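A short worksheet on the structure shown next.
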Amino acid sequence: MFYEINLLISPTLGEDDAISFVEKLRENLQIYGKVDGEAKPERIKLAYSILDQNDAWLCFFNLHLENEEVDKKEVLDAIDKALKESGNVLRSLFIKKEVKSKKEKKKRVPKSLESATKKKENIDKIDEKLEEILGE
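Structural data, given as structure tokens:
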């Protein structure tokens, strides 16, 4: 399990400042676990204004919490609090994601095969009933 962290960073920062802010943030998050994913912020136009801003720097990355004994809610609350206190983050979003393994993938049987086997079973049952009726 890991968390995808999405951030909208204030457009008042220049590109170099936004990059350095994200790098510093990634270094600080290394305390909690492995951080990977996109590091370079991208300037986007917002669909609606947030804190009187019409555009922002968008960046996202994944945080893999390595220590299972740590309360995940406390860690996420601490990260959220630090982001709000920085003053440069307009909005943040944490998405809990599961790691999908290929072994768990279920093999799918086409419906046409399922219905064909059911029809054959029904025909066999009907044949047996007819033999019983005609045999008596």
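Numbering (this note's numbering), first residue to last: 278 to 413. Each residue gets a CB set at the ideal place from its N, CA and C atoms; glycine is no exception. Treat the numbers as computed from the prediction; the structure is a model and nothing was measured.
If you drop the 5 nearest sequence neighbours on each side, which residues of the same chain put their C-beta closer than 7 Å to that of residue i?
i: L370; result: N283
i: S296; result: Per the sequence presented here, residue 296 reads as Ile, with Ser not at that position. K317 and P318, listed in sequence order.
Between which residues of its own chain and residue i is the CB-CB distance below 6 Å, once the five residues before and five after are set aside?
i: S378; result: none
What does a CB cutoff of less than 8 Å around residue i pick up in its chain, not counting 5 residues either side in sequence?
i: I410; result: none
i: S342; result: According to the sequence provided, residue 342 is Leu. The question's Ser does not apply to it. Excluding residues within five positions, the ones whose Cβ falls inside 8 Å are M278, F279, Y280, Y309, G310, K349 and V352.
Provide the residue span of the alpha helix (DSSP H) that contains residue i, from first to last.
i: K301; result: E292 to L306
Ends of the beta strand (DSSP E) at residue i?
i: V312; result: G310 to D313
i: E281; result: F279 to I286
Our contact map puts residue i next to residue j with C-beta atoms below 8 Å; I'd like the distance itself, whole angstroms only.
i: F338; j: G314; result: 4 Å
i: M278; j: E375; result: 6 Å
i: L285; j: L367; result: 4 Å
i: L306; j: L340; result: 6 Å
Q.
What ranges does the alpha helix (DSSP H) occupy inside the region 320-366, keeping only unbroken runs of at least 4 residues that lie completely in it?
A. If we require 4 residues or more, the alpha helix (DSSP H) runs fully inside the region 320-366 come out as 349-363.
Q) Would the region 340-356 and the region 286-294 be scored as touching if the rule is three or more Cβ pairs under 8 Å? A) Short answer: they don't touch.
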